[in-house]
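What follows is one structure encoded as structure tokens, with my remarks underneath.
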Amino acid sequence: MGAAPQHHGAGPQHHGAGPEQHGTGPQHHGAALQLNGAAVVITGGGSGIGAALARRFAGLGAQVVVNDLDTDAARRVAYEIDGLAFSGDVADPDEADRLVDFTWDKLGALDLFCANAGVAHGGDATAPDALWQQAWQVNVMAHVYASRALLPRWLARGHGRFLATVSAAGMLTLLGKAPYAVTKHAAFAYAEWLRATYAHRGVVVQALCPQGVQTPMLARGTGPSRGLLDRTAITPERVADHVVEALAGDRFLILPHPEVATYYARRGEDPDRWLGGMNRLQQKLEQGRP
Numbered sequence: 001m002g003a004a005p006q007h008h009g010a011g012p013q014h015h016g017a018g019p020e021q022h023g024t025g026p027q028h029h030g031a032a033l034q035l036n037g038a039a040v041v042i043t044g045g046g047s048g049i050g051a052a053l054a055r056r057f058a059g060l061g062a063q064v065v066v067n068d069l070d071t072d073a074a075r076r077v078a079y080e081i082d083g084l085a086f087s088g089d090v091a092d093p094d095e096a097d098r099l100v101d102f103t104w105d106k107l108g109a110l111d112l113f114c115a116n117a118g119v120a121h122g123g124d125a126t127a128p129d130a131l132w133q134q135a136w137q138v139n140v141m142a143h144v145y146a147s148r149a150l151l152p153r154w155l156a157r158g159h160g161r162f163l164a165t166v167s168a169a170g171m172l173t174l175l176g177k178a179p180y181a182v183t184k185h186a187a188f189a190y191a192e193w194l195r196a197t198y199a200h201r202g203v204v205v206q207a208l209c210p211q212g213v214q215t216p217m218l219a220r221g222t223g224p225s226r227g228l229l230d231r232t233a234i235t236p237e238r239v240a241d242h243v244v245e246a247l248a249g250d251r252f253l254i255l256p257h258p259e260v261a262t263y264y265a266r267r268g269e270d271p272d273r274w275l276g277g278m279n280r281l282q283q284k285l286e287q288g289r290p
């Protein structure tokens, strides 16, 4: 079960913050990405995990483009880290193209794309179609649009790295949030597909799958699983620590909550038993006994 940074609806055109930057690019040693000099894009970078990644990466010498639908939030973080801001809706394919073009124009490269924007809509099968559609566009199609814009250039030069902020919900599930859990499963599957398809051509794909993280999105959350997530929620800064460590290699799964690996293995070993346990948890939540 997990939570992701927030992203809502359509947004304005990009706005630069900080000086134009042209780096010499990162050094590549095997599977490692050296952040010093790397050109990085972070979507949903105005708060939560995205902002923590922006601060950490910039502190290690990366040149960061902060994307967020909230123009002021993107500018604040970009100003703080001496980066660039691009306000726009990455769930719109034209905006995703513009974000990639903007970064390549300003920084001369794009080494790491963090597909971090997300929405955490709750509800069950009766949730309005509009919520399902927005969750699909932001949590899944934004990743498709970004990779569509990135892959031709990455494949031509022989390297690139795509970090998908998914959620443990994409590996397991999240009771009370069907649109979120379902679309995060799709995001996880797309990251797997990208990894399986392009790894031999120099494109590294990694999936960040935390459980609860102390973000504005979690604070606004409702539903039966909220209390469970709060109990184990970690700071965005701790998530950023795990990401930096993972960028030194190429392992697919980044699990800030290591117990998720155990849950995932149990799910695969005996799906019926795992689903039975989840249903018992659902019954407890309905009775107010998490």
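So in UniProt numbering the end of the sequence shown lands on 290, straight run, no missing numbers.
All residues carry an ideal CB built from backbone N, CA and C; glycine is no exception.
This structure is a prediction, so every number in the text was calculated from the model and none was measured.
On the three-state DSSP scale, how would you describe residue i?
i, result
"Arg161", "strand"
"Gln206", "strand"
"Leu194", "helix"
"Leu255", "coil"
"Val182", "helix"
"Ser87", "strand"
"Val213", "strand"
"Gln21", "Model confidence at Gln21 stands at a pLDDT of 42, short of 50, so the residue's coordinates are unreliable and nothing is read from them."
On the premise that residue j lies in contact with residue i, defined as a C-beta separation below 8 Å, what is that separation, rounded to the nearest angstrom?
i, j, result
"Ala164", "Ala181", "Actually they are not in contact, since the Cβ atoms of Ala164 and Ala181 sit about 16 Å apart, beyond 8 Å."
"Ala54", "Ala96", "Not really, about 18 Å apart at Cβ, beyond 8 Å."
"Leu99", "Val90", "6 Å"
"Gly202", "Gly158", "4 Å"
"Pro236", "Gly48", "5 Å"
"Leu174", "Tyr264", "No, Leu174 and Tyr264 are not in contact; Cβ-Cβ is about 14 Å, not under 8 Å."
"Leu35", "Leu247", "7 Å"
If you draw a straight line from the alpha carbon of residue i to that of residue j, how long is it in whole angstroms?
i, j, result
"residue 295", "Gly50", "Since the displayed the chain opens at 1 and closes at 290, residue 295 lies outside it and no answer follows."
"Ala73", "Asn116", "15 Å"
"Glu245", "Cys114", "15 Å"
"Ala31", "Asp250", "6 Å"
"Gln282", "Gly276", "10 Å"
"Leu131", "Pro179", "7 Å"
"Val41", "Leu208", "16 Å"
"Arg238", "Val64", "19 Å"
"Phe86", "Gly44", "10 Å"
"residue 295", "Asp68", "Residue 295 lies beyond the residue range present for the chain, which begins at 1 and ends at 290; the question has no answer from this structure."
"Asp241", "Asp82", "20 Å"
"Ala62", "Gln133", "34 Å"
"Gly88", "Asp129", "23 Å"
"Pro19", "Ala261", "Confidence in Pro19 is poor, its pLDDT being 38 and thus under 50, which makes the residue's placement too unreliable to answer from."
"Pro152", "Lys106", "19 Å"
"Pro210", "Gln287", "27 Å"
"Arg56", "Pro258", "21 Å"
"Asn279", "Asp70", "38 Å"
With a threshold of 8 Å on Cβ separation, who are the neighbours of residue i within its own chain once the five nearest residues in sequence on each side are excluded?
i, result
"Val140", "Thr183, Ala186, Ala187, Tyr190"
"Gln214", "Ala233, Ile234, Thr235, Pro236"
For residue i, collect the residues of the same chain with a Cβ closer than 6 Å to its Cβ; drop the 5 residues on either side in sequence, then sort them by chain order.
i, result
"Trp104", "Leu110"
"Arg161", "Leu33, Leu112, Val204"
Near residue i, which residues of its chain fall below 7 Å by C-beta distance, leaving aside the five closest residues on each side in sequence?
i, result
"Val77", "Gly45, Gly46, Ala51, Ala54, Val66"
"Ala135", "Val119, His121, Pro179, Tyr180, Thr183"
"Arg267", "Leu172, Trp274"
Which residue spans inside the stretch 102-127 form an unbroken beta strand (DSSP E) run of at least 3?
Whole beta strand (DSSP E) segments, 3+ residues: 112-115.
Runs of 3 residues minimum, wholly inside the stretch 30-85: which ones carry the beta strand (DSSP E) assignment?
Unbroken beta strand (DSSP E) stretches of 3 residues or longer found wholly inside the stretch 30-85: 39-42, 63-68, given in chain order.
Could you pull out every unbroken alpha helix (DSSP H) segment of at least 4 residues lying fully inside the stretch 235-286, listed in chain order?
Positions of the alpha helix (DSSP H) runs, each at least 4 residues long and wholly inside the stretch 235-286, are given as 236-247, 259-269, 271-286 in order along the chain.
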